[in-house]
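Residue numbers (the numbering used here), protein chains in the order written: chain A, 1 to 153; chain B, 1001 to 1153; chain C, 2001 to 2153; chain D, 3001 to 3153.
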């Protein structure tokens, strides 16, 4: 479904990659951007012991971080030149312990708008047990920095 | 208001401290537990450049991490011996850029329950501009591990 | 995907219909249950002027009501005999004005659990302009009443 | 705290009352606006059997409706002339059965903004058992209709 969205600029992927590269926390985590399409972004995070909670699984903070970033950048792919994206808010349900060797967050645009873009995301764990969806997110993003007139949501 | 809650065990603060100490991501972030009372927990995070987003402010992931932990541990203070706490879900509104020298997350119990405990949290930034509330959270926590039939969510 | 869920009792649809019939507010709204499958429930609401907000569109309260009920009953289809379902919490994003002749809420189970079931829902408006998704929900449901020790949230 | 907010127009209460009066669903429910201050609105709903769920308590839809309206109108009190308010999204935690003779929803502004205003709300039940907080909400509102230039959140 996300494939149906039309980007407003040809360099949407480049803009996402440049912004992602400036997020130092993503480097600290070891997260990488693995897919950027109109309205769809995937971020991969290999397991690292430094990112764990009290039971040795990936901490919800890391799960949330990649889900939020994937959602925000999915929104950014559909925004005009000069725009930046901020998270207004998000909700995440943690569905299962984040147990695995690697994690993939997929963010997708549910509804783009001139001001507000609503996104959904999922995080999947890959490990000896196969694939498990460990979290699902519903997020509200806002476009800033490229507005010229009385935009409406 | 939180002061009215009654802990179920005298060592509630010790249990929170032990669990917090096992969260390796909190050490990676440099977060510290600064207050543990019945139904109320505060976590402090000094600014660090490794934790920033693309504009040099604290990344929402770090803001969310300390808010979620403060809420979860606030819930744990009211749980019985042997119990552990998991985040079922949370929603966070990011109210202002997380610009500051240090950040304080305060989590408090809104309603404790035998299975589900609802918590609210805020994150305040302290800097040259004074204090700013940068985020507010509403979270659902679940008690696991101390239940007779080992029921899990 | 929802089709993969296995109901725990053969009479799951009957239980949903009986519970729905007792919700007097659904009768007041004129909402009807139109589809009950394992992990999937649809509720239809024809437009009525008594249910409008200040611009003459369906009020968010009515949109939310059918989305929440569809999610809750989707969860109930997978619960054991004697169980009842309560909404712990939900978040809804209102994506577009609820303008239409009729509205369909579809709730589906994202992850069933012994205590907590996570559901997602959408509300679609049908009108002269075709179909529009007007809202999306992410909800946390809890099973009560069929548990050995009578645990309640 | 809400008392500190400054309204942008002297007739803020009148604008809220006029908008509320146009919401036909509030009349259907029997809800009334009982308090309008800068950044703070209260809506009262007497119990009515037509508004119940399957156990005879007030349906979550009615609880949510008054909480959302109180939050939205709290936001509107701080908006400029000509502005209208829409709910972008909200999350509500249902804390206890909505059992009582009357219910009061209080919405308050957490952070006002030129585009986005974040609000929190609570619903209290009044009955033979005294007062019970039955729900708490965190909501994101957007200003529409009175924008003249490149507003930012």
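In this text, a Cβ means the ideal position worked out from N, Cα and C, and glycines have one as well.
Computed from a predicted structure; not experimentally measured.
Of the residues that make up the region 86-101 of chain A, which ones have a beta carbon closer than 8 Å to any beta carbon in chain B?
86, 87, 88, 89, 90, 91, 92, 93 and 94
Can you give me the C-alpha to C-alpha distance between residue 3083(D) and residue 2066(C), rounded to a whole angstrom?
In the fourth chain, residue 3083(D) corresponds to position 83, counting from 1. In the third chain, residue 2066(C) corresponds to position 66, counting from 1. Residue 3083(D) and residue 2066(C): Cα-Cα distance of roughly 29 Å.
Leaving out five residues before and five after residue 3086(D) in sequence, what residues of the same chain have Cβ atoms less than 8 Å from its Cβ?
Residue 3086(D) sits at position 86 when you count from the first residue of the fourth chain. Only 3072, 3141, 3142 and 3144 meet the Cβ criterion.
Beta carbon proximity, residue 960(B) to chain C, threshold 8 Å
Examination of residue 960(B) is not possible in this model, given that chain B is present from 1001 through 1153 alone.
Cβ of residue 2110(C) less than 8 Å from any chain A Cβ?
Position 110 of the third chain, counting from 1, holds the residue named residue 2110(C). At least one chain A Cβ lies under 8 Å of residue 2110(C).
Alpha carbon of residue 1099(B) to alpha carbon of residue 1058(B), nearest angstrom:
For the purposes of this step, residue 1099(B) is taken as residue 99 along the second chain, with counting starting at 1. For the purposes of this step, residue 1058(B) is taken as residue 58 along the second chain, with counting starting at 1. Rounded to whole angstroms, residue 1099(B) to residue 1058(B) spans 7 Å at the Cα level.
Which residues of the region 12-30 of chain A have a Cβ closer than 9 Å to any Cβ of chain B? Give them in chain order.
18, 19, 20, 21, 22, 23, 24, 25, 26, 27, 28 and 29
Contact criterion: CB-CB distance below 8 Å. Does residue 1140(B) meet it with respect to chain F?
Chain labels in this structure do not include chain F; the protein chains are A, B, C and D.
Can you tell me whether DSSP reads residue 1101(B) as helix, strand or coil?
Here the question's residue 1101(B) lines up with position 101 in the second chain. Of the three classes helix, strand and coil, the one that applies to residue 1101(B) here is coil, per DSSP.
Around the Cβ of residue 2017(C), are there at least 16 other Cβ atoms within 10 angstroms (buried) or fewer (exposed)?
Numbered from 1 along the third chain, position 17 holds the residue referred to as residue 2017(C). Exposed, by the Cβ-count rule.
Which residue's Cα is closest to the Cα of residue 1047(B): 1126(B), 1137(B) and 1133(B)?
Here residue 1047(B) refers to the residue found at position 47 of the second chain. Looking at the Cα atoms, 1126(B) is the closest of the given residues.
With 8 Å set as the bound, which would you pick, yes or no: does the beta-carbon of residue 2143(C) sit closer than that to a beta-carbon of chain D?
Here residue 2143(C) refers to the residue found at position 143 of the third chain. Chain D, which has no Cβ nearer than 8 Å to the Cβ of residue 2143(C), makes this no.
Counted within 10 angstroms of its Cβ, other Cβ atoms place residue 2101(C) as buried (16 or more) or exposed:
As a working note, residue 2101(C) is residue 101 in the third chain. It counts as exposed.
Nearest-angstrom Cα distance between residue 92(A) and residue 2037(C)?
Position 92 of the first chain, counted from the start, is the residue given in the question as residue 92(A). Position 37 of the third chain, counted from the start, is the residue given in the question as residue 2037(C). Taking the straight line joining both Cα atoms gives about 26 Å.
Beta-carbon separation (whole angstroms), residue 1045(B) vs residue 1090(B), contact threshold 8 Å:
Position 45 of the second chain, counted from the start, is the residue given in the question as residue 1045(B). Position 90 of the second chain, counted from the start, is the residue given in the question as residue 1090(B). Rounded, the Cβ-Cβ distance is 17 Å, inconsistent with contact.
Run down chain C in chain order and give the residues with a C-beta less than 8 Å from the C-beta of residue 118(A).
Mapped onto the first chain, residue 118(A) falls at position 118. Under the 8 Å cutoff, chain C gives 2093, 2095 and 2136.
Taking 8 Å as the threshold (beta carbon to beta carbon), is residue 2152(C) in contact with chain B?
On the third chain, position 152 is the one that residue 2152(C) refers to. Any reading at residue 2152(C) must be qualified, since the residue scores a pLDDT of 40, below 50, and its modelled position is unreliable; no value is offered.
If I follow the unbroken beta strand (DSSP E) through residue 2032(C), where does it start and stop?
Start at 1 with the first residue of the third chain, and residue 2032(C) comes out as number 32. Start and end: 2032-2037.
List, in chain order, every chain A residue whose beta-carbon is nearer than 9 Å to that of residue 1062(B).
As a first step, residue 1062(B) must be located in the second chain, where it is residue number 62. Those are 25, 61 and 65, listed as they occur along chain A.
Following the continuous beta strand (DSSP E) through residue 3138(D), name the residue where it begins and the one where it ends.
As a position in the fourth chain, residue 3138(D) is number 138, starting the count at 1. Per DSSP, residue 3138(D) belongs to the beta strand (DSSP E) from 3130-3144.
How long is the line joining the alpha carbons of residue 3123(D) and residue 1120(B), rounded to whole angstroms?
The residue labelled residue 3123(D) in the question sits at position 123 within the fourth chain. The residue labelled residue 1120(B) in the question sits at position 120 within the second chain. Taking the straight line from one Cα to the other gives about 15 Å.
For the candidate residues 3068(D), 3055(D) and 3056(D), whose alpha-carbon lies nearest to that of residue 2061(C)?
Numbered from 1 along the third chain, position 61 holds the residue referred to as residue 2061(C). Here the closest residue by C-alpha is 3068(D).
Sequence-distant residues of the same chain with beta carbon closer than 6 Å to residue 13(A), five excluded per side
Here the question's residue 13(A) lines up with position 13 in the first chain. So the list reads 36, once near-sequence residues are dropped.
Which whole-angstrom value is the C-beta distance of residue 1075(B) and residue 1109(B), which I expect to be below 8 Å?
Stepping through the second chain from its first residue, residue 1075(B) is reached at position 75. Stepping through the second chain from its first residue, residue 1109(B) is reached at position 109. Residue 1075(B) to residue 1109(B), Cβ: 6 Å. Contact.
Option in 2015(C), 2053(C), 2004(C) and 2005(C) with minimal Cα separation from residue 2081(C):
Stepping through the third chain from its first residue, residue 2081(C) is reached at position 81. The option with the nearest alpha carbon to residue 2081(C) is 2015(C).
Check whether chain C comes within 8 Å of residue 3050(D), counting only Cβ atoms and requiring the distance to be less than that.
Locating residue 3050(D) in the fourth chain gives position 50, where the first residue counts as 1. Chain C, which has a Cβ nearer than 8 Å to the Cβ of residue 3050(D), makes this yes.
Distance check for residue 3008(D) and residue 1026(B), CA to CA, integer angstroms please.
Position 26 of the second chain, counting from 1, holds the residue named residue 1026(B). Position 8 of the fourth chain, counting from 1, holds the residue named residue 3008(D). Roughly 43 Å between the two C-alpha positions.
Tell me the start and end of each unbroken beta strand (DSSP E) in the region 1019-1088 of chain B that is at least 3 residues and wholly inside, in chain order.
1032-1037 and 1040-1046
Interface residues of chain D facing residue 2068(C) [CB-CB closer than 8 Å]
Within the third chain, numbered from 1, the residue matching residue 2068(C) stands at position 68. What residue 2068(C) touches in chain D: 3060, 3061 and 3064.
Suppose you measure from the CA of residue 3154(D) to the CA of residue 3010(D); what does that come to, to the nearest Å?
Nothing can be reported for residue 3154(D): it is not among the residues displayed for chain D, which extend from 3001 to 3153.
Rounded to the nearest angstrom, what separates residue 2131(C) and residue 2070(C) at their Cα positions?
One-based indexing of the third chain puts residue 2131(C) at position 131. One-based indexing of the third chain puts residue 2070(C) at position 70. So the two alpha carbons sit approximately 19 Å from each other.
Three-way DSSP call (helix, strand, coil) for residue 2015(C) in this model:
Residue mapping note: residue 2015(C) aligns to position 15 of the third chain, counting from 1. Helix, per DSSP.
Residue 3136(D) and residue 1138(B): beta carbons closer than 8 Å?
Along the fourth chain, read from residue 1 onward, the residue named residue 3136(D) stands at position 136. Along the second chain, read from residue 1 onward, the residue named residue 1138(B) stands at position 138. In this structure, residue 1138(B) lies closer than 8 Å to residue 3136(D) by Cβ.
Given that residue 154(A) touches chain B, what residues does it touch there, using C-beta distances under 7 Å?
Any property of residue 154(A) remains undetermined from this structure, which presents chain A solely from 1 to 153.
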